[in-house]
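Numbering (the UniProt record's numbering), first residue to last: 1 to 316.
What follows is a set of notes on a single structure, which appears directly below.
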Amino acid sequence: MDYTIGALAKLTGLPVKTIRYYSDIGVLPEHDRTPAGYRLYTDEDRARLELIRTLRELGLDLATIQALGSSQISLTDVLDLHLRAVETQIGALRRTRAVLRATLERGDPTDEDLRRLHALGRVGAADMNRLVGEFMGDVAGDNASRARWLACLRDAMVPTLPEEPTAEQLDAWLELTELLTDEDFRASLRAMSSEFWENMDDSQQEAWTATNQAVTETAMAAAEGGIDPESDEALPIIDRIVELMAGNRGAEPDPALRASILKSYDEHDPRAEYYWELMARIHGSPWPAPQTIAHQWMHRALRHRVARDANAGETT
């Protein structure tokens, strides 16, 4: 059976101008026209119009609906995407509810409470994921090896805010956003590792990763064992660590290398460590992490070892 646009509007409850617009943009192509030029639609068109209305009520845009109609994507794919979008929105609303509830329970809202609410609205999970990607791309620069290494860290670098975050977690989320967009921090990280990555190729990266793991595990064991990094007991351990690092650098594990590694630690941007501290706050994880404790132990042990080297040089 054929329907005029007026008849179809009465059957579906949709305005004539809406149906005409859908036809004009190709979302609901007309079946035929009368000799006088009036549009005609079939029962199939009526069913499709009902589907269009349902999908619009679900929040789908017309471009997606048109792609669905032209078989570019399946209805299952569309609904799956929509489900994920709704779940993200629900999570965001729950987080906002948690902030509002906590603020009202405390009474006397402050400007700081408004700042947290604004931060939630400005930077959601998708925004944070995008910021991390942009940050990593900027830090990697045009060095392919560094870019691949950072790509391996991507999942670990993207935080997940709980549905009912505490004020501390929200503050950490906001601070992390500011850190990710800090141009000075990005430039600092690029500069810190530029010489290292310029001399690194893919064939060396696997060996470097293995060495880095061995170094970290050695220092972690010493820290967990309660060995004072500034004691004589720590000297053979830090010497072993420097030997491992020397193998990757093609250098001798001598005082010059120890001083060079210490210089790298001394010049390390503290904001890099603070990034991981903020991640721990957001996730409610213990801080400092074992890997951080290991590097702090190495830094102190190296400083002690280099001081011993200097004293030995003065007495010869």
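Heads up, the beta-carbon is just placed ideally off N, CA and C, and yes, glycines get one too.
Bear in mind that the values here come from a model prediction, so they are computed numbers and not experimental data.
For the options L8, E206 and K17, the alpha carbon positioned closest to that of W149 is the one of E206.
Residue pairing for D266: DSSP places it in no beta bridge.
Here D32 carries a strand assignment [DSSP, helix/strand/coil]. Judged by beta-carbon spacing, L170 lies within the 8 Å limit of V99, meaning their Cβ atoms are closer than that value. Closest by C-alpha distance to M1, out of P255, D45, P15 and K17, is D45.
In the DSSP assignment, L8 falls within the alpha helix (DSSP H) that extends over I5 to T12. Across the set A289, R33, A280 and G6, the C-alpha of A280 shows the shortest separation from the C-alpha of L161. The Cβ atoms of H304 and E243 lie no closer than 8 Å to each other. For L49, there is no enclosing beta strand (DSSP E); the enclosing alpha helix (DSSP H) has its first and last residue at D43 to E57. DSSP places L150 in the uninterrupted alpha helix (DSSP H) bounded by A144 to M157. Relative to G26, the option among A246, L51 and A63 whose CA is nearest is A63. For R308, DSSP assigns no beta-bridge partner whatsoever. In this structure R186 is in contact with F135, their Cβ atoms being roughly 7 Å apart against a cut-off of 8 Å. The DSSP assignment places complete alpha helix (DSSP H) segments of no fewer than 4 residues inside the segment 204-289 at 235-249, 255-266 and 270-283, in order along the chain. Note that the C-beta distance between V158 and V123 is not below 8 Å. Contact between the segment 179-193 and the segment 264-273 is present, with at least three C-beta pairs closer than 8 Å. According to the DSSP assignment, D24 belongs to the alpha helix (DSSP H) that extends over V16 to D24. By a beta-carbon distance limit of 8 Å, I19 does not contact A7. Their separation comes to about 11 Å.
By the neighbour-count definition (other C-beta atoms within 10 Å, threshold 16), S285 is an exposed residue. Rounded to whole angstroms, the separation of the alpha carbons of A256 and D309 is 9 Å.
Contact check for P35 against R95 fails: the beta carbons are separated by 8 Å or more. Going by C-alpha positions, N311 is about 24 Å away from A222. For the pair A167 and A102, the CB atoms are nearer than the 8 Å cut-off. Minimum Cα-Cα distance from G250 among the listed residues T76, L49, T211 and Y21 corresponds to T211. P15 and S23 do not touch by the CB rule: their CB atoms are close to 13 Å apart, not below 8 Å. Note on the segment 110-140: whole alpha helix (DSSP H) runs with a minimum of 4 residues are 111-122 and 125-140, in chain order.
If you compare the alpha carbons of A301, L83 and A47 with that of T12, the shortest gap goes to A47.
The continuous alpha helix (DSSP H) containing D171 extends over residues A167 to L180. A246 sits close to E252, with the two beta carbons spaced by under 8 Å.
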